[in-house]
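Chains as they are written, first to last, in this note's numbering: chain E, 1 to 269; chain Y, 270 to 575; chain V, 576 to 1088. Every residue gets a Cβ at the ideal spot worked out from N, C-alpha and C, and that includes glycine.
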Amino acid sequence: MRAPLIIVAAIALAALLGPLLLPWDHASIDWDSVRAGLFADGHLLGTDDLGRDRLARLLVGTRITMSVALAAALVALVIGVVWGAVAGWVGGRTDEVMMRIVDGLYALPFMFVVILLMVVFGRSIFLVFLGIGAVEWLTMARVVRGEVMALKQRPFVLAAEAAGSSGSRTLIRHILPNVAGVAVAYLMLTVPQVVMVESFLSFLGLGVQEPLTSLGILVNEGAEEMDVNPAALLLPGGVLVTVIICLTLAGERLRDRLTGTGRAAESAQ
Amino acid sequence: MLNLILRRLMTAIPTLLAIIMLSFLLMRIAPGGPFDGERALAPETRAALEAAYGLDKSLPEQVMLYVGNVLTGDFGPSLVYRDFTVTQLVAQSLPISLLLGGLALILASVIGISAGLFAALRAGKWQDEMLMLGATLLTALPTFVTGPLLALIFGLWFGWLLVSWQGDGIRWLILPVIALSLPVAGAVAKLARAGLAGQLGQDHIRAARARGIAPLTILRRHALRPALVPVASYLGPAAAGLLTGAVIIETVFGLPGLGRYFVQGALNRDYPLVLAVVTLYASLIILFNLAADLIYGWLDPRMRQG
Amino acid sequence: MSIFRLKDFCVSIRGKRLVSDISLDIAAGEIVALAGESGSGKSLTAMTPFGLSAGAGSGSAMLGDDELVGLSEAELARLRASQVGFVFQQPLTAMTPHRSVRQHLEEAAMQAGGDRPDKLAMIAMLDQVGLADAGGKLRQFAHRLSGGERQRVLIACAIAHGPKLLIADEPTSALDASLRREIMELLTALCRTRGMAMLLVSHDLASIERDADRLLLLKDGGVEEQGGATQIAVRPASDCGKALMAATPRMDEKLVALTTPGEVLLEVRDIHVRFKKPGWRSGYLDAVKEASLTLAKGETLAIVGGSGSGKSTLGRAIAGLGPVTSGDVFWRGEKLPARKKRTLLHRRLIQPVFQDPAASLNPRWRVADTIAEPAQVLSGQRPSPERIAELLAEVDLPAEFANRRAIQLSGGQAQRVAISRALSADPDMLLLDEATSALDPLVADGVSRLFAKIQAERGLSLLFITHDLALARRVAHRIAVMEDGDIVEMADRETLFTDPQAEATKRLIAASG
């Protein structure tokens, strides 16, 4: 689980600090070298057809994509944990109504909803992550609710009640700490989901707007010139895929370890 | 079984109506309308246009009117493609999306299930590790990266397959279908592997082994059906998404499918078109979830009680 | 004639030897039992020769004239299919969920190359194992059958191909107490009449004594004692055998004197618990029907019944830890309020100890925090480390355990921590919900002795919920028998056994004998 997280951390660090070390920012135009090749005029990765430094754009694009994804995943985490914990803990009618709502929202065309939200509420970067987070919390809510329901049946929760622990104290001291691990695992799995949605929206021109850039925009630009300059597609695409894969691997391993899915497979042998 | 179907349909209809109304309201309260173009229209023209499309009535009236029309199969005229009704646009683009999605679905299921089952039989060995890493890779590759990449590699470098839609035959669909099926195949492989590996650890498999039944017979007779339950629950909603148009793939490969119309419609505030696609999608989701429920009952009779 | 013979048989897993030098010999129609605690290697010994465990066997294992050690999986599978039948512990999960009883029987009858049996033949097979309504059961799936019915179907499958040897791995320990006797009698009768040899794996010494001809007592992978089953049960020679026999409650053992009870503390009047049945076809299930009982200071009242009899539901209702539909609970004549309205003062009185020790402790907490919790909540003050050490000492655990977490504890240790937590509240009564039944016999015996010690020292009242009548007879002043939500009989322990009134009681006594 370590290696993938270290790779993601290294990419995040580069995206955060890298632009400070470059003489160009992502939007400034170097009129003397438009469409420069690799290493030309100090542009390590060359420039695009507007003369903007490709490395600067890649780093800033990564930074935007990752921060939007993290913010959206945190929104999803908060809504999902609160919703799932309340539904699972209170149970009964409340649980039924709350989970029906989740089921209903699941049936909504997810991509379409995000696109609708983007169109309806304009194209601010703030709304991009709010919108994505508002849609991505459903799985988190289901998982957390399931965990809370299972924990609620455990004898140690009954023992706490017998010891006079109030409902809210039991929820906070006994239940939520035991849900935390799984919630973190799903947070790790949500981030790559959001990275994909954000890039997808930007690819369609609905997400991050110029002059800011994101990995989705860069992939889109790269796809247009891939026949003459494949690196323009492969570099942002590579960073995007690396981040997604590393977080997915780390999240899945953590999830399997916490929920015992992996153990069933091992004992089968 | 019949009870289950009826019960599902009873809840499906109100859900569908709620989705239609919600999307309708959402589109209406959004700032900006279809006639807010570059150049301001004369007030009279605008009023005439809004009257023609029923936009001058009160919101509840518009909603009721719309739902009534939808129930009779009339999605109204497109606000942007002025010469077409929405029904015509959908009728034109849906077959392409269905063909693309259907083929991708079949390809993904075949590849995913066989890879997943093979990996489960080799659980813990290097074949399993490699296949599952590959599956994770596939699910992590966004189609807007794989699409252009496939086009680049096969179309432009090797010159094997045609990359841009010419409208005259299925061969144009080969690359789009592959690109679309890859992430689904990855997800199916993971689920099939987890499902079968879980089954193989169960007591009833040990009981069958104790009876000396041949390993392949055990797999086919005792393990396969319950192992595929998670795959079925994933494929239900996934199928609805694939069939109603893979926006990205259609954009990348220039296919005139439903997904592209949806994005264009959303960008241009073509309410009737967007609503029609949303309605279609929601109905398909409900339909496929129902199908998945019926398949569960066959895969595992414990789920028949509902 | 010898059917199955082990000679100096050893089992290793990944190079580690877990079972060494087992020798045994089973003739046709004979029953040999392997007994011992969990981890003693009894299941490994029975399963490894046939390639059904993770272990590798060495030495010699003869099935008739075939040497099993060294055979390939395919050859072993052929021998299993033709000559051996298996019955496992878990009837709930040993049937394939999507295949009907008929399909199970067909597969079993054909596994040795026989013809597909017709319907009449299959009905005869089910009749033979005592399954009622055999014709109607053929079309059923496993989830429609009760635990006992499933085990009967699985036995029918195990003998459908006419095996020479039957391997029964804890065939009754997942079943209700009242069914165990019937299933064991069915298995022994099948062996005797068909001349089948049986290797029985069990931890239930009382049952082995009746059913088996010979017994091998295993400990840590080696034979501790072997010989005639009755002889070992009555007069064990080894320390291990003595300890095990002493730890196993028996219906005919001499009663040991208990503490003398004081005044009545708890009075339960007409407690009724009604659940809505799950699913959309609504209906109600009366889990507890108008149950009344009393419990005095320093007294132990056992509630005995099968699974689904409502005994745990009643216990939880009394302790304010489960739903109550109607009825009242009085403590020293004062009515205890409903679950949500119980104050800290009420909560202190009754503390629970549950069955599953692993699930009874919060896995993220240290033992010290777990034990401190009741005292802390009830008095508002965290007990000192010295106090926690005292509480640990009271359950015979060293003070160092305070820093451990739940996963670092064995089952018995975890259960002791759970008891220590209950004592931390300074209660007047303990609700013991099958508190010893998930533990190995020796450990369970230690824990039930601990209860007696605590009761004597603190004058506690115990509500002892169990399925084990012999255990109830050993520890309780009075015994209440429950069936289908009713308390069908309540009497002191001598009277209940010398003069049982209710049918359910008589059945339980017969099944436990």
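Look at Y:Ile482: its C-beta is under 8 Å from a C-beta on chain V. In this structure, DSSP gives V:Trp940 a state outside helix and strand, which the three-state scheme calls coil. By the rule that beta-carbons nearer than 8 Å mark a contact, V:Leu627 touches chain Y. Using a CB distance cut-off of 8 Å, E:Pro192 counts as an interface residue toward chain Y. For V:Gln801, the three-state secondary structure derived from DSSP is strand.
V:Ala631 sits in a strand when the DSSP states are folded into three classes. When only Cα atoms are considered, V:Asp944 and V:Ser935 end up about 14 Å apart.
Counting only Cβ-Cβ distances below 7 Å, E:Met226 has contacts in chain Y at Pro417 and Leu421, in chain order. The Cβ atoms of V:Ile606 and V:Leu775 lie closer than 8 Å to each other.
Identification of residues in the segment 555-571 of chain Y having a C-beta nearer than 9 Å to some C-beta of chain V yields Trp567, Leu568, Asp569, Pro570 and Arg571, given in sequence order. For Y:Ile365, the uninterrupted alpha helix (DSSP H) run begins and ends at Val355 to Leu390, by DSSP. Note on E:Ser214: 16 or more other CB atoms within 10 angstroms of its CB, so buried under the neighbour-count rule. Taking C-beta separations shorter than 6 Å and ignoring five residues to either side along the sequence, the partners of Y:Leu363 in its chain run Leu527, following chain order. Shown here, V:Gly986 sits in a helix according to DSSP, grouped into three states. Collapsing the DSSP output to three states places V:Lys591 in a strand.
The Cβ atoms of V:Pro672 and Y:Arg571 lie closer than 8 Å to each other. Under a criterion of Cβ atoms nearer than 9 Å, the residues of chain Y adjacent to V:Phe663 are, in order, Asp472, Arg475, Ala476 and Ala479. V:Lys872 sits in coil when the DSSP states are folded into three classes, being neither helix nor strand. Not flagged as an interface residue toward chain Y: V:Thr763, since no C-beta distance is shorter than 8 Å. In this structure, Y:Leu407 places its C-beta atom within 8 Å of the C-beta atom of Y:Gly455.
Checking the DSSP bridge columns, you'll see V:Tyr859 partnered with V:Lys851.
E:Glu224: member of the alpha helix (DSSP H) spanning Leu215 to Glu224, first to last residue.
Closer than 8 Å to the CB of E:Leu254 there is not a single CB belonging to chain Y. Among the CB atoms of chain E, one or more fall inside 8 Å of the CB of Y:Val414.
The C-alpha of V:Ser598 is placed about 39 Å away from the C-alpha of V:Val831. Contacts with chain Y at 8 Å (Cβ-Cβ) do not include V:Thr1080.
For V:Gly705, no alpha helix (DSSP H) encloses it, and the DSSP letter there is neither H nor E. With a cutoff of 8 Å on beta-carbon distance, E:Gly164 and V:Val952 are scored as near each other. When Cβ-Cβ separations below 8 Å define contact, E:Gly237 makes contact with chain Y. Cβ-Cβ separation between Y:Leu460 and Y:Ala492: approximately 15 Å, too far for a contact (criterion under 8 Å). Here the segment 740-747 of chain V makes no contact with the segment 700-719 of chain V; the two share fewer than three CB pairs at distances below 8 Å. Each residue's CA atom was taken as its position, placing Y:Ala458 and E:Val113 some 28 Å apart.
Residue-level contact by beta carbon holds for V:Val952 and chain E, with a gap shorter than 8 Å. The three-state secondary structure of E:Ile132, taken from DSSP, is helix. The Cβ atoms of Y:Pro541 and Y:Leu348 sit closer than 8 Å to each other. Residue state for Y:Leu406 is assigned as helix, using DSSP reduced to three classes.
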